[in-house]
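FYI, the numbering for the sequence shown is 0 to 111, going by numbering that gives the first Met the number 0.
Beneath this line is the structure, given in structure tokens, with notes to follow.
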Amino acid sequence: MTLFAKIIRREIPADIVYEDDEVLAFRDINPQAPVHVLFIPKQPFATMNELTDADAPIVGRLVIAATKWAKAQGFAEDGYRVVMNCNRDGGQTVYHIHLHLLAGRAMHWPPG
Ligand code: AMP
């Protein structure tokens, strides 16, 4: 079981900021911006490569949950960045897909 599955099961603690039937969001333990929250589906997909057409609603829920939370927190107009890393070259370290929501400072481009 991955770390994030354990967070969903409340077996390890996390600073949870949002939850619904399909999505959980909690603050990243090693934040890369003043706001750094991870949105994860409760359904475990190891990588984005496992997603199929049938999973489009889940991916949509992840994105919409993040944008709604950004608006509710008041930084949506200033802006934010959403990142999903896939496998080694993408820099993925936890094999339960997650969307990084980063905000609170100007982001750089290109990303490292
Ligand atoms: P990635 O490198 O895209 O797989 O992102 C994994 C993220 O999970 C990293 O930004 C880590 O800092 C974060 N992370 C690892 N362990 C925890 C934890 N226990 N609670 C919250 N975030 C974590």
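Every residue, glycine too, gets a C-beta built ideally from N, C-alpha and C.
Please read all numbers here as calculations on a predicted model, not as lab measurements.
DSSP assignment within the region 9 to 67 yields the following whole beta strand (DSSP E) runs of 3 residues or more, N-terminal first: 15 to 18, 22 to 26, 34 to 40. For K67 and F38, the gap between their C-alpha atoms comes out near 12 Å. Using a Cβ distance threshold of 7 Å, V82 and L2 do not count as a contacting pair.
Residue pairing from DSSP leaves L2 without any beta-bridge partner.
Taking a cut-off of 8 Å on C-beta distances, the region 18 to 32 touches the region 56 to 63, as three or more cross pairs fall below it. Proximity to G78 across T46, L101, P30 peaks at L101, based on C-alpha coordinates. Taking a C-beta distance under 7 Å as the contact criterion, I96 and F44 qualify as a contact pair. DSSP, reduced to helix, strand and coil, places R104 outside both helices and strands of the structure shown, so it counts as coil. Bounds of any beta strand (DSSP E) do not take in Y94, whose DSSP letter is neither H nor E.
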